[in-house]
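> First the structure, then my questions, so here it is.
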Amino acid sequence: MGIEILFDFVFWFYNYVSRGTAYSLRWWFGLLFSIILFILTVGTMWLLVLTVTATTLFVTGKIALSVLLLVVMTGIGFAFYRWGMLLYQLTQQEGESGRLVAKRITQEDGIV
């Protein structure tokens with residue numbers, strides 16, 4: 001249930017920012033989301049270190065948990081990379097007033 005809500009939020013927010021009408025408020029919200037993803041990656045890395053250095057786990061348990069945590073870190077890292085690319089593209093265009101305006105993002109950009 002909680003995972004579905006998280007996926008729905010990520011899907012909604014990704015479409016909200018990449019719609020092509022992003023302003024600076026959406027950019028800052030995207031930056032906040034990227035920071036949260038980065039914190040999750042660092043936390044997962046810390047869990048990986050704790051798993052590898054644990055003395056109470058058998059070797060097979062260490063390997064299984066390490067592989068699971070590496071898969072989670074890879075997924076979070078991929079999402080973090082995609083958000084970073086999206087935020088970078090949103091900063092590529094400024095309006096006449098110097099404010100951030102939306103750059104139309106298409107499938108050719110590899111984001112949508």
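Sequential numbering of the sequence shown, starting at 1, is according to UniProt numbering.
Just so it is clear, CB atoms sit at the ideal spot from N, CA and C, and this is done for glycine as well.
DSSP on Phe80, reduced to helix/strand/coil?
helix
> My assumption, with CB atoms under 8 Å, is that Trp83 sits in contact with Phe33. Please give the rounded CB distance.
6 Å
> Can you give me the Cβ contacts of Leu87 inside the same chain, cut-off strictly under 7 Å, excluding the 5 residues immediately before and after it?
Here the set comprises Trp27, Gly30, Leu31 and Ser34.
> Do Leu47 and Leu69 have their C-beta atoms within less than 8 Å of each other?
yes
> Thinking Ala64 and Leu37 are a contact (beta carbons under 8 Å), I'd like their distance in whole angstroms, please.
Actually they are not in contact, since the Cβ atoms of Ala64 and Leu37 sit about 25 Å apart, beyond 8 Å.
> Please look up how many angstroms separate the CB atoms of Lys62 and Val52, rounded, as I've assumed it's under 8 Å.
6 Å
> Does Phe33 come out as helix, strand or coil in the three-state DSSP assignment?
helix
> Between the beta-carbon of Met45 and the beta-carbon of Met73, is there less than 8 Å?
Going by beta carbons, Met45 and Met73 fall inside the 8 Å limit.
> In its own chain, which residues sit with a C-beta less than 8 Å from the C-beta of Gly75, not counting the 5 before and 5 after it?
none
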